[in-house]
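**Student:** First, the structure itself, so that you have it in front of you.
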Amino acid sequence: AVYKRQDRVVTREIAGEVLLVPIHGDVADMNYLFMLNPVSAHIWQRLDGATPVSAIVESVCETFEVDPTQAEQDTSAFLDDLLSSNLLTRVEP
Numbered sequence: 001a002v003y004k005r006q007d008r009v010v011t012r013e014i015a016g017e018v019l020l021v022p023i024h025g026d027v028a029d030m031n032y033l034f035m036l037n038p039v040s041a042h043i044w045q046r047l048d049g050a051t052p053v054s055a056i057v058e059s060v061c062e063t064f065e066v067d068p069t070q071a072e073q074d075t076s077a078f079l080d081d082l083l084s085s086n087l088l089t090r091v092e093p
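First residue of the sequence shown: 1, per my numbering; consecutive thereafter.
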């Protein structure tokens, strides 16, 4: 599967923390900020509409020295959260 970040989400780094800020109309929706941990930020950066989830999981394993099964489970859970919050769309082949 391949996923793409929604265009109406702005990524900001503040004091070393990565935040996702949904935009509604021309206004940032400050009630729904998402703070990402380093692994989540790594995944978010790779959701470009071209990189398959399997490659993202592999990158997480290599970068953070995580067990592949755990990386796959955590990545899947994070993607589910993003999808349910309408921050992500699935790209059809």
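Glycine included, C-beta positions come from ideal geometry on N, C-alpha and C.
Buried or exposed for Ser84, please, with buried defined as at least 16 other CB atoms from any protein chain shown within 10 angstroms of its CB.
**Tutor:** exposed
**Student:** So what's Val119 in DSSP terms, helix, strand or just coil?
**Tutor:** In the structure as shown, the chain begins at 1 and stops at 93. Residue 119 is therefore absent and cannot be evaluated.
**Student:** Taking all protein chains shown into account, decide if Thr69 is buried (16 or more other Cβ within 10 angstroms of its Cβ) or exposed.
**Tutor:** exposed
**Student:** Taking Pro22 and Leu87 to be in contact with their CB atoms under 8 Å, please state how far apart those CB atoms are, rounded to whole angstroms.
**Tutor:** Your pair Pro22 and Leu87 checks out as a contact, with CB atoms roughly 7 Å apart and the cut at 8 Å.
**Student:** Count Cβ pairs between the region 5-16 and the region 55-67 that sit closer than 8 Å; are there 3 or more?
**Tutor:** no
**Student:** Check Val52 in the structure and name its three-state DSSP category.
**Tutor:** Looking at the sequence shown, residue 52 is not Val but Pro. Pro52 carries a strand assignment under DSSP once its states are collapsed to helix, strand and coil.
**Student:** Confirm, please, whether the CB-CB distance from Val9 to Thr51 is below 8 Å.
**Tutor:** no
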